[in-house]
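A short write-up of the structure that comes next.
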Amino acid sequence: MELSRKKSTASEYFSLPQGAPYQLIGGELTPSPAPSWKHQRISRKIGTRLSEHVENNGLGEVFFAPVDVYLSDENVFQPDLIFIAKGREDLLSDKGYIEGAPDLVAEILSPSTLTLDAIEKKEAYEKYGVKEYWIMDGESQTIYVYAMKKTGFELVQRVLKGESLSSEVVEGFALDTKHVWGE
Numbered sequence: 042m043e044l045s046r047k048k049s050t051a052s053e054y055f056s057l058p059q060g061a062p063y064q065l066i067g068g069e070l071t072p073s074p075a076p077s078w079k080h081q082r083i084s085r086k087i088g089t090r091l092s093e094h095v096e097n098n099g100l101g102e103v104f105f106a107p108v109d110v111y112l113s114d115e116n117v118f119q120p121d122l123i124f125i126a127k128g129r130e131d132l133l134s135d136k137g138y139i140e141g142a143p144d145l146v147a148e149i150l151s152p153s154t155l156t157l158d159a160i161e162k163k164e165a166y167e168k169y170g171v172k173e174y175w176i177m178d179g180e181s182q183t184i185y186v187y188a189m190k191k192t193g194f195e196l197v198q199r200v201l202k203g204e205s206l207s208s209e210v211v212e213g214f215a216l217d218t219k220h221v222w223g224e
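The numbering used here numbers the first residue of the sequence shown as 42 and each following residue consecutively.
In structure tokens, the structure reads:
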């Protein structure tokens with residue numbers, strides 16, 4: 042017999058002590074342990090270049106985890122990287138979190154988050170209107186880029202080591218992945 046789990050809400054999530062290692066996924070408080078140094082390295086290498094490009098071109102803002110993204114009363118995530126386009130600053134809540142779907146989110150896979158990032162969070166990002174979603178796999182050194190189309194997310198790029206990552210929502214951004222994965 043399966044025991045039913047108590048569903049949590051965003052208000053319960055936000056009442057946790059600041060910095061509590063959880064995300065709210067489908068109404069369930071999900072542990073979110075500290076990422077590995079490899080995970081942090083990938084985040085830094087991509088995020089720094091993305092942030093520099095966005096700032097230098099006045100395109101908006103880039104945020105790094107941990108920052109809460111409130112999508113619904115049952116879904117509050119902490120993506121690894123977040124881009125909010127210029128003119129959408131209203132998503133930046135006075136309460137300290139991002140309220141609504143960012144233009145771009147990126148998640149770096151780890152063994153413990155594979156299902157959450159590749160399936161559950163991807164479905165929520167699609168449902169709530171994220172325009173572009175990057176899934177970065179350090180093991181295979183591959184980046185999967187999903188873009189919002191009329192029917193939902195479509196895989197528009199599968200970027201292998203040594204290829205160039207680009208974005209449909211961050212104008213002019215391109216990154217040779219040798220800067221991420223090495224030679």
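Where is the CB? At the ideal position from N, CA and C, for every residue including glycine.
Cα-Cα separation between residue i and residue j, rounded to whole angstroms
| i | j | result |
| --- | --- | --- |
| Val228 | Ser49 | Lying outside 42 to 224, the shown extent of the chain, residue 228 is not represented and no answer is given. |
| Asp144 | Lys127 | 10 Å |
| Ile96 | Val103 | The residue you asked about is not Ile; residue 96 is Glu in the sequence shown. For Glu96 and Val103, the distance between alpha carbons rounds to 8 Å. |
| Glu130 | Thr154 | 29 Å |
| Val171 | Met189 | 7 Å |
| Ser181 | Leu196 | 17 Å |
| Tyr138 | Ala51 | 12 Å |
Local Cβ density within 10 Å of residue i, reported as buried at 16 or more and exposed below that
| i | result |
| --- | --- |
| Met42 | With a pLDDT of only 39 at Met42, under 50, the local geometry of the prediction cannot be trusted, and the value read off the model is given with reservation. Label assigned to Met42: exposed. |
| Ser84 | buried |
| Gln119 | buried |
| Leu44 | Low confidence applies to Leu44: its pLDDT is 42, below 50, so where it sits in the model is not reliable, and the reading given next is rough at best. Answer is exposed; the Cβ neighbour count stays below 16. |
| Ala106 | buried |
Endpoints, the alpha helix (DSSP H) within which residue i is located
| i | result |
| --- | --- |
| Ala51 | Ala51 to Phe55 |
First through last residue of the beta strand (DSSP E) which encompasses residue i
| i | result |
| --- | --- |
| Ala215 | Ala215 to Asp217 |
| Ser207 | Ser205 to Ser207 |
Cβ pair residue i, residue j closer than 9 Å
| i | j | result |
| --- | --- | --- |
| Ala228 | Leu132 | The question about residue 228 has no answer, for the chain in this structure spans 42 to 224. |
| Tyr169 | Val186 | no |
| Tyr166 | Phe124 | no |
| Gly88 | Asp114 | no |
| Asn116 | Leu70 | no |
Worksheet item: Of all the beta strand (DSSP E) runs that stay within the bounds of the region 63-101, which reach a length of 3 or more residues?
Response: 63-66 and 69-72
Worksheet item: Taking only runs of the beta strand (DSSP E) that begin and end inside the region 132-195, which ones reach a length of at least 3 residues, in chain order?
Response: 145-149, 173-178 and 183-190
Worksheet item: Unbroken beta strand (DSSP E) runs of length 3 or more, entirely within the region 99-124: which are they?
Response: 101-105, 110-113 and 116-118
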